[in-house]
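All remarks here apply to the structure that follows.
In the numbering used here, the protein residues as written are -9 to 184.
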C-alpha cells in the first residue's frame, strides 16, 4: 500500500486520481500533429489522380462545379478563376477554427486557403496551399468577428506550436482537408446523365 511522507496510506480513489492526472499530463507532452509541407516548408496538400476513363470535359465540369460550392466564411462568394488555355482553375475557401471550452464553443478564427485543380486528358491534380489564419474575437454585441484585417501565414503557428489550442486546430485542419479531398475525389468522377 502506498503511503504519504507522514505514514498515512493513500486511498484507492485518490491514488487512481493521481495516476490519471499524471498520464493525461504525460500524454499531452508527447502529442504531435503533422501537417504536410512542401520543399519550401509551406503547408500543402497535393495529389495527382489518373481516372483512366473519365474524359477531360467531364473532369473540367466536375471541378468547376465542386469548387463553386466552396467559400470563405463571412466573405462574398468569388467566382472560380480559370486560366487562358483551360487547363487549370483556382479558388479560395475557408472554415472556422473552434475552441471548445467547458460550456460553449467559441470561434478562434478562420483558416483560408487556395485550391488549384489542373486537368489534362483523363488526369487531374489538386494543390491546396497558401493557408492563412484570421483571428476572431467577440464584438460589443457578442458576435464573433475578425479581430483585424491581418491574415497570418499558417506556418507562423506550425510546426513547433505545442499549445493545446493549436494542436486541436492542426487536427481540425487535417480532418477538414481529408474530408475535402475525399469529397473532391468522389465529385471529380461523377458522370451525369444528360
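All C-beta atoms in this analysis are idealised placements derived from N, C-alpha and C, irrespective of residue type, glycine included.
**Exposed unless 16 or more other CB atoms sit within 10 angstroms - verdict on residue 133** = Translated into positions along the chain shown, residue 133 becomes position 143. Counting every other CB atom within 10 Å of its CB across the protein chains shown gives residue 133 a total below 16, marking it as exposed.
**Beta-carbon gap between residue 84 and residue 102 smaller than 7 Å** = Indexing the chain shown from 1 puts residue 84 at position 94. Indexing the chain shown from 1 puts residue 102 at position 112. Yes, Cβ-Cβ distance for residue 84 and residue 102 is below 7 Å.
**Pair within 7 Å by beta-carbon distance, residue 52 and residue 177** = Residue mapping note: residue 52 aligns to position 62 of the chain shown, counting from 1. Residue mapping note: residue 177 aligns to position 187 of the chain shown, counting from 1. In contact: residue 52 and residue 177 (Cβ atoms closer than 7 Å).
**Prompt:** Around the C-beta of residue 181, are 16 or more other C-beta atoms found within 10 angstroms, so that it is buried, or is it exposed?
**Reply:** Here residue 181 is taken as the residue at index 191 of the chain shown, counted from 1. It is exposed - the Cβ of residue 181 has fewer than 16 other Cβ atoms within 10 Å.
**Request:** Ignoring anything shorter than 3 residues or poking outside the segment 55 to 137, list the beta strand (DSSP E) runs there in chain order.
**Result:** Counting only runs of 3 or more, we get 78 to 89, 96 to 110, 113 to 128, 134 to 136.
**Prompt:** Which residues share a DSSP beta bridge with residue 43?
**Reply:** Counting from 1 along the chain shown, the entry for residue 43 is found at position 53. As computed with DSSP, residue 43 is found in no beta bridge at all.
**Continuous alpha helix (DSSP H) stretch holding residue 32: start and end** = Taking the first residue of the chain shown as position 1, residue 32 is located at position 42. From DSSP, residue 32 is part of no alpha helix (DSSP H); its letter is neither H nor E.
**Request:** Please determine, among 153, 116, 126, the residue with the shortest C-alpha to C-alpha distance to residue 34.
**Result:** To locate residue 34, count along the chain shown from 1; it is residue 44. Among 153, 116, 126, the Cα nearest to that of residue 34 is on 116.
**Message:** For residue 143, list the residues DSSP reports as bridge partners.
**Reply:** Looking up residue 143 in the chain shown gives position 153. Beta-bridge pairing links residue 143 to 122.
**Prompt:** In whole angstroms, what separates the C-alpha of residue 54 from that of residue 70?
**Reply:** Indexing the chain shown from 1 puts residue 54 at position 64. Indexing the chain shown from 1 puts residue 70 at position 80. Near 7 Å, if we compare the C-alpha coordinates of residue 70 and residue 54.
**Message:** Taking the beta carbon of residue 14 as the centre, do at least 16 other beta carbons fall within 10 Å, making it buried, or is it exposed?
**Reply:** As a first step, residue 14 must be located in the chain shown, where it is residue number 24. With a pLDDT of 48 at residue 14, under the threshold of 50, the predicted position of this residue should be treated as unreliable, though the coordinate-derived value follows. Exposed, since its Cβ has fewer than 16 Cβ neighbours within 10 Å.
**Alpha-carbon spacing of residue 50 relative to residue 41, whole angstroms** = For this step, residue 50 is matched to residue 60 along the chain shown. For this step, residue 41 is matched to residue 51 along the chain shown. Whole-angstrom Cα-Cα distance: 13 Å.
**Request:** Please state whether DSSP places residue 176 in a helix, a strand or coil.
**Result:** By one-based count along the chain shown, residue 176 stands at place 186. It is helical.
**Message:** Please classify residue 65 as buried or exposed, where buried requires at least 16 neighbouring CB atoms within 10 angstroms.
**Reply:** Within the chain shown, the letter at position 75 stands for residue 65. Of the residues assessed, residue 65 falls on the exposed side of the cut-off, its CB having fewer than 16 other CB atoms within 10 angstroms.
**Item:** Contacting residues, own chain, Cβ-Cβ under 8 Å from residue 28 (five flanking each side not counted)
**Value:** Working through the chain shown from its first residue, we reach residue 28 at position 38. Closer than 8 Å at the Cβ level, and outside the excluded window around residue 28, lie 34, 36, 119.
**Request:** Could you tell me whether the Cβ atoms of residue 100 and residue 124 are closer together than 7 Å?
**Result:** Within the chain shown, residue 100 is the residue found at index 110, counting from 1. Within the chain shown, residue 124 is the residue found at index 134, counting from 1. In this structure, residue 124 lies closer than 7 Å to residue 100 by Cβ.
**Message:** Suppose contacts are defined by Cβ-Cβ distances below 7 Å. Is residue 108 in contact with residue 77 by that definition?
**Reply:** For this step, residue 108 is matched to residue 118 along the chain shown. For this step, residue 77 is matched to residue 87 along the chain shown. Contact: yes.
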